[in-house]
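Everything on this sheet refers to the single structure shown next.
Residue numbers (this note's numbering): 199 to 494.
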């Protein structure tokens, strides 16, 4: 059975593994990104990871998911967050194919996560799907009939930048904001808190934690509703580390969406939580590779 090397480049960790042609991940691992070292060092790190897998595998392709606005045709980084210095302009596809003589495809990490949920996850079979990842920031992806909608300049669904009041969706609704808010209100240092601790406190009836979560949910409901009015998705899929708290969040998010969506639209919009979680980027990068090569 054919095998593929898949690499998911995040701001903190690089996840990597080997995926079979049937979509099963047969080995995987992760290493620190060391983003502060910049784009060139990051790419060399990725090459080292690939070389390791080539010792025991003969892959048909190299599949890459990465943070940043990506040109999926050229496999080039068009724009990147400052947390990876000098990443913009990195020609990932060109450099990987030149180094290993193996076909390579590159796609944005949130688009990969969305593709994974469409093909074998919570959005499977949906005609129009909106997928969000909610973590230290907020990313989005729109899939129409199973294809990622990239927009005119490959920046479609950069929803974290969406203006809300005097701030934006990401600054108000991300889990990093939740953690910061709880720590500040308790007079603690921010590093003493994380998302898991906030939810554990809320489950133990901590009023500050509960209020902060309710404020985050209200922001998410408003932001998601505004996007739904534009693209009219059949399903909204929520992923990212914080969405592992489905049991605690589902009812709250359902009510928040109902608050901001008119009944007709709300009745046609299904809310789901991501199935693939930490494997979404690896799987989505593989699915992206297969889609691009099946249409050639």
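Using N, Cα and C, we set each Cβ at its ideal position, and we do this for glycine too.
What three-state label does DSSP hand residue i in the structure shown?
| i | result |
| --- | --- |
| residue 339 | strand |
| residue 202 | strand |
| residue 443 | coil |
| residue 403 | coil |
| residue 360 | coil |
| residue 472 | coil |
| residue 381 | helix |
| residue 397 | helix |
| residue 296 | helix |
| residue 417 | helix |
| residue 261 | strand |
| residue 345 | strand |
| residue 303 | strand |
| residue 542 | Nothing can be reported for residue 542: it is not among the residues displayed for the chain, which extend from 199 to 494. |
| residue 410 | helix |
| residue 215 | strand |
| residue 477 | helix |
| residue 437 | strand |
| residue 240 | helix |
| residue 488 | helix |
| residue 466 | coil |
| residue 449 | helix |
| residue 234 | helix |
| residue 425 | helix |
| residue 355 | coil |
| residue 208 | coil |
| residue 276 | strand |
| residue 483 | helix |
| residue 312 | helix |
| residue 330 | strand |
Could you give the C-beta distance for residue i and residue j, rounded to a whole number, given that I count them as a contact under 8 Å?
| i | j | result |
| --- | --- | --- |
| residue 311 | residue 470 | The Cβ separation is near 13 Å, so there is no contact. |
| residue 373 | residue 332 | 6 Å |
| residue 278 | residue 286 | 5 Å |
| residue 247 | residue 263 | Between residue 263 and residue 247 the Cβ distance is about 13 Å, and since that is not below 8 Å, they are no contact. |
| residue 439 | residue 329 | Not really, about 15 Å apart at Cβ, beyond 8 Å. |
| residue 336 | residue 371 | 6 Å |
| residue 354 | residue 340 | 6 Å |
| residue 455 | residue 419 | 5 Å |
Just the C-alpha distance for residue i and residue j, rounded to the nearest angstrom, thanks.
| i | j | result |
| --- | --- | --- |
| residue 219 | residue 409 | 46 Å |
| residue 445 | residue 472 | 13 Å |
| residue 416 | residue 206 | 31 Å |
| residue 451 | residue 398 | 18 Å |
| residue 275 | residue 240 | 13 Å |
| residue 259 | residue 267 | 22 Å |
| residue 461 | residue 224 | 45 Å |
| residue 485 | residue 458 | 34 Å |
| residue 482 | residue 303 | 11 Å |
| residue 255 | residue 216 | 8 Å |
| residue 487 | residue 203 | 11 Å |
| residue 190 | residue 465 | It is not possible to answer for residue 190, since the shown part of the chain is limited to 199 through 494. |
| residue 233 | residue 210 | 7 Å |
| residue 284 | residue 199 | 38 Å |
| residue 322 | residue 435 | 11 Å |
| residue 364 | residue 257 | 49 Å |
| residue 281 | residue 427 | 32 Å |
| residue 495 | residue 245 | There is simply no residue 495 to check, as the chain begins at 199 and stops at 494 in what is shown. |
| residue 386 | residue 403 | 18 Å |
| residue 249 | residue 201 | 15 Å |
| residue 382 | residue 396 | 12 Å |
| residue 349 | residue 474 | 25 Å |
| residue 406 | residue 358 | 25 Å |
With distances taken from CA atoms, which of the options is nearest residue i?
| i | options | result |
| --- | --- | --- |
| residue 421 | 384, 406 and 369 | 369 |
| residue 307 | 295, 455, 427 and 261 | 261 |
| residue 366 | 395, 257 and 414 | 414 |
| residue 327 | 382, 221 and 431 | 431 |
| residue 401 | 227, 425 and 443 | 443 |
| residue 491 | 300, 238 and 463 | 300 |
| residue 352 | 361, 362 and 338 | 338 |
| residue 213 | 456, 200, 280 and 265 | 265 |
| residue 518 | 359, 257, 281 and 290 | Look at the range of the chain in this structure, 199 to 494, and you will see that residue 518 is not part of it. |
| residue 270 | 281, 305, 250 and 361 | 305 |
| residue 231 | 208, 238 and 251 | 208 |
| residue 334 | 429, 427, 227 and 393 | 393 |
| residue 227 | 441, 238, 389 and 251 | 251 |
For chain C, check one thing: does any of its Cβ atoms lie closer than 9 Å to the Cβ of residue i?
| i | result |
| --- | --- |
| residue 422 | Looking at the structure shown, chain C is missing, and only one protein chain is on hand. |
**OP:** Determine contact between the stretch 458-478 and the stretch 299-316, defined as no fewer than three beta-carbon pairs at a distance below 8 Å.
**Re:** Here the stretch 458-478 makes contact with the stretch 299-316; the two share three or more CB pairs at distances below 8 Å.
**OP:** Check whether the stretch 449-466 touches the stretch 331-346, taking contact to mean three or more Cβ pairs, one atom from each stretch, closer than 8 Å.
**Re:** no
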